[in-house]
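For the sequence shown, the positions run 7 to 275 when my numbering is used. A virtual CB, placed ideally from N, CA and C, is assigned to each residue, including glycine.
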Amino acid sequence: MPELPEVETVANGVHQRIHGQSVRSVWTSNKPQTFKSSPEEIASVLTGARIDRVRRVGKTVVADVTQADGATAQFLVHLGMTGRLLVSDPETPVPPHTHAILTLSGGKELRFVDARRFGRLSISHEAYEGPGKEPLTIGVEDFITLFRNRKTPIKAALLNQSLLHGVGNIYADEALHHAGIRPRRHAGRLTRDELTRLRAALQKVLKKAIQLGGSSVSDYVDADGVAGFFQLHHYVYSRTGEPCRTCSTTIERIVVGGRSTHFCPNCQK
Numbered sequence: 007m008p009e010l011p012e013v014e015t016v017a018n019g020v021h022q023r024i025h026g027q028s029v030r031s032v033w034t035s036n037k038p039q040t041f042k043s044s045p046e047e048i049a050s051v052l053t054g055a056r057i058d059r060v061r062r063v064g065k066t067v068v069a070d071v072t073q074a075d076g077a078t079a080q081f082l083v084h085l086g087m088t089g090r091l092l093v094s095d096p097e098t099p100v101p102p103h104t105h106a107i108l109t110l111s112g113g114k115e116l117r118f119v120d121a122r123r124f125g126r127l128s129i130s131h132e133a134y135e136g137p138g139k140e141p142l143t144i145g146v147e148d149f150i151t152l153f154r155n156r157k158t159p160i161k162a163a164l165l166n167q168s169l170l171h172g173v174g175n176i177y178a179d180e181a182l183h184h185a186g187i188r189p190r191r192h193a194g195r196l197t198r199d200e201l202t203r204l205r206a207a208l209q210k211v212l213k214k215a216i217q218l219g220g221s222s223v224s225d226y227v228d229a230d231g232v233a234g235f236f237q238l239h240h241y242v243y244s245r246t247g248e249p250c251r252t253c254s255t256t257i258e259r260i261v262v263g264g265r266s267t268h269f270c271p272n273c274q275k
C-alpha cells in the first residue's frame, strides 16, 4: 500500500500538472467497491469545477475544487493497495482496471487505475483533516504524548492511523532502525530521549523518501507512471537474511501486530 512519501509524490505531481484547470467531463466505471460517494455525486460535483489545489492528507490525495456556483468541495482519492492516479494524454491507451477519468480543460486526462479495487473515491463538503497527527510537522511534545502509557508494541503504535496518519510498514521499520529501537518494545516504556530520537528518525526517513519519489516495492508509480527509488536505500525493510547496512549483522523478520517487521538485532535495542 502506498504510504506517506508515495502519496505525497503522487499529489505533488498531479498538482503541478493540473491545478487551475477545470473538469470538462467525468467518466466512472461504476464498480461499487471503488466509490464511497456515488458515481453520480462525484460527476455532479466535479463537472465544471476548477481544481485549485492537489495535496496529501495522511494517505489520501485531496483535490480542493471550486464549483461553477462558487461552492467548494474536496475530491478524495485513497490509493488502497494498487491504486494509481495518472495524468495522461487522451491518445494514450486507457489501462485495464481504470475506474475514473476526468477530462480536463488543459487537454489532459486524470485517470484512476486500481487493479485490486481497494482504493476509494469520494466527495467531501467539509475540510478533510485525516484521522491522526501529521508525522512531518508534529512537535516533540505532541509526539511523546501520543505514545505515553500505551501498552502496544511501538511498531504497532506507529501504524495506528488514529495516532499518526500516513506511516505504514516500510517507514515504521526504517525509522525504528535509524532510531535504534526494537519494534516489539512497548510504546509506553520508551524514554523521552528514545521517543525524541524516533521522531527525528521518522521525519528524516520520510523526507528522504519524498525526495527520491517514494519506494516502488509493488505497483506504485507517480503521476507520470514512473517508479520511485527509495527502495534502493532501505536499511531493513524487506531485507531479511541480508547484512545490515550499518553493522553487517543479518536482518531478521518477525511479525508484530500481524504485520511483517524487519530489524537489526544488533543496532536496535
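Listed in chain order, the alpha helix (DSSP H) runs fully inside the region 78-152 amount to none, counting runs of at least 4 residues. Your pair Leu-10 and Gly-172 checks out as a contact, with CB atoms roughly 3 Å apart and the cut at 8 Å. His-183: member of the alpha helix (DSSP H) spanning 175-185, first to last residue. Counted as a single uninterrupted DSSP element, the beta strand (DSSP E) harbouring Ser-266 occupies residues 265-269.
When the beta-carbon positions are compared, Val-67 and Val-16 come within less than 8 Å of each other. Exclusion of the five residues before and after Ala-185 leaves Arg-203, Leu-204 and Ala-207 as the residues of its chain whose Cβ lies within less than 6 Å of its Cβ. Contact between Arg-126 and Gly-64 does not hold, since the beta-carbon distance rounds to 13 Å and is not under 8 Å. Straight-line measurement puts the Cα of Arg-23 at about 17 Å from the Cα of Glu-97.
Residue environment for Arg-117: buried (at least 16 other C-beta atoms within 10 angstroms of its C-beta). At a Cβ-Cβ threshold of 8 Å, Pro-141 and Leu-170 count as neighbours. Using a 10 angstroms sphere on the CB of Cys-253, the tally of other CB atoms stays under 16, which defines it as exposed. Here the C-alpha atom of Gly-194 lies approximately 25 Å from the C-alpha atom of Ile-257. By the Cβ-count criterion, Asn-175 is buried, with 16 or more other Cβ atoms from all chains shown falling within 10 Å of its own Cβ.
When DSSP reads this structure, Ala-69 sits in a beta bridge with Val-60 and Phe-81. The straight-line gap separating the alpha-carbon atoms of Lys-275 and Gln-80 is approximately 44 Å. Here Leu-164 carries a helix assignment [DSSP, helix/strand/coil]. According to DSSP, Thr-256 shares a beta bridge with Pro-249. DSSP links Thr-34 through a beta bridge to Ala-106. For Pro-45, the secondary structure class from DSSP, reduced to helix, strand or coil, is helix. Between the alpha carbons of Val-100 and Thr-109 lies a gap of roughly 13 Å. In this structure, the beta-carbon distance from Phe-153 to Leu-196 falls below 8 Å.
Judged by DSSP secondary structure, Gly-172 falls outside any alpha helix (DSSP H); it is assigned neither H nor E. Between Gly-54 and Lys-161, the C-beta spacing is not below 8 Å.
Within a 10 Å sphere around the beta-carbon of Pro-38 sit fewer than 16 other beta-carbons, which makes this residue exposed. Ranked by Cα distance from His-192, the first of Lys-210, Asn-155, Lys-213 and Gln-167 is Asn-155.
Under the three-state reduction of DSSP output, Val-242 falls in the coil class, being neither helix nor strand.
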